[in-house]
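Once you know that position 102 of the first sequence is 1467 in my numbering, the rest is easy, because the numbers rise by one and skip nothing. Using N, Cα and C, we set each Cβ at its ideal position, and we do this for glycine too. Please read the structure below before turning to the comments.
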Amino acid sequence: MPELPEVETIARQLRARGVEGKTILTVKVNWAPTIQPLSVAQFSRQVRGQTIDTISRVGKWMLFSLRSGQTLMIHLRMAGSFSMEQGSHDRIVMKLSDGLTLYYRDTRKFGRWKLVDDPQVILGNLGPDALTRRFSRHYFKDTMKNRHRMIKPLILDQGIVAGLGNIYADEALWEAQIHPERLSDSLSDEELERLFRAIKHVLNIGVRNRGTSLGAGKTNYRDVEGESGGHREKVKAYGRGGKPCTRCKMLLERTVVAQRGTTYCPACQRI
DNA sequence: GAAGACCTGCTA
DNA sequence: TAGCAGGTCTTC
């Protein structure tokens, strides 16, 4: 579930909680596949005693830079989250210096932690982060015009642009008034301009609201403080199938595009 | 492209 | 109880 705004929120909160500069005293791994290919013993040995120098984010990856020079790269996938309080699906627990304990919670067990010498081995496969200047309108328009794919799966492709997931992709397309199945090379310069701005806009608003949460269950997004994301009420398209478009009052339609649930306005977003 | 795999829990 | 979920990977 976490997309760029949710991961950014979590990274900021971990920094605010003072996790940077702390030393990892002990590590307990309760679900070994999270840290594959390393064994629990190897992982613990390499991480224990390390100081977390900085916490950063690229796309949906969170990066803990360790004093050793290695980087702990964390992908939350569908349901990963962090908490400073013990919970019911804590897959990794790290005791830090100064009495802090970090709980990595992941109901669905999809999240992955990778301890790497060089983060570029993973980041090199990603397109530019959507909220950086590297993700420029020039790059975006060029890339879209040179592909012949449906626009929604294209902007979801992390190798093209890093950070968008299913919620913010639907939101950006709704805002730009572009049908999710439009072919990328059929979009006019004006449409691409709108979409470029919409992508930056919906992600920035998402960050400002500390992410999006939908339901109320254990798989639902929570930030480090256990709060739901404030962007919930601001969603215009995602999950609103059958409800009126806030722009034109037409009922939003729900379909499947490239195997992902997709909601759009059949009047504002024409094929 | 598409479909299945990886998982658990919520909703209808 | 079946179907679906914010993500990615692998294998056709």
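- Secondary structure at Gly1580: coil, using DSSP grouped into helix, strand and coil.
- Cβ-Cβ distances below 7 Å link Gln1634 to Leu1538, Trp1539, Gln1542, Ile1543, His1544 in the same chain, with the five nearest sequence neighbours on each side left out; the list follows chain order.
- With a minimum length of 3 residues, the unbroken runs of beta strand (DSSP E) contained wholly in the segment 1388-1451 fall at 1389-1394, 1417-1423, 1426-1431, 1436-1440, 1445-1448.
- Minimum Cα-Cα distance from Thr1611 among the listed residues Tyr1629, Gly1594, Gly1595 corresponds to Tyr1629.
- In terms of Cβ geometry, Ala1527 and Leu1568 do not form a close pair [threshold 8 Å].
- Going by beta carbons, Pro1518 and Gly1445 fall outside the 8 Å limit.
- The beta-carbon separation of Gln1378 and Val1589, rounded to 4 Å, stays under the 8 Å limit for a contact.
- Ile1439 sits away from Gly1414, with the two beta carbons spaced by 8 Å or more.
- Non-local C-beta neighbours of Val1412 in its own chain, meaning closer than 6 Å and more than five positions away in sequence, comprise Ile1389, Val1392, ordered along the chain.
- For Ile1525, the closest alpha carbon among the candidates Phe1447, Gly1386, Phe1561, His1596 is that of Phe1561.
- Of the residues Gly1452, Gly1424, Glu1450, the one whose Cα lies closest to the Cα of Arg1442 is Gly1424.
- Judged by their CB atoms, Arg1619 and Gly1606 are nearer to each other than the 8 Å cut-off.
- In this structure, DSSP gives Met1615 a state outside helix and strand, which the three-state scheme calls coil.
- When DSSP assignments are scanned along the segment 1483-1548, the uninterrupted stretches of alpha helix (DSSP H) that are 4 or more residues long and fall wholly within it turn out to be 1485-1488, 1502-1510, 1516-1521, 1531-1541.
- Here DSSP, grouped into helix, strand and coil, assigns Thr1374 to helix.
- Sequence-distant partners of Glu1373 (beyond 5 residues in either direction) whose C-beta falls short of 7 Å from its own C-beta, in its chain, are Arg1422, Val1572.
- Buried is the label assigned to Arg1575, since at least 16 other Cβ atoms lie within 10 Å of its Cβ.
- Counting along the chain, the unbroken alpha helix (DSSP H) around Lys1565 starts and ends at 1554-1573.
- For Leu1467, the three-state secondary structure derived from DSSP is strand.
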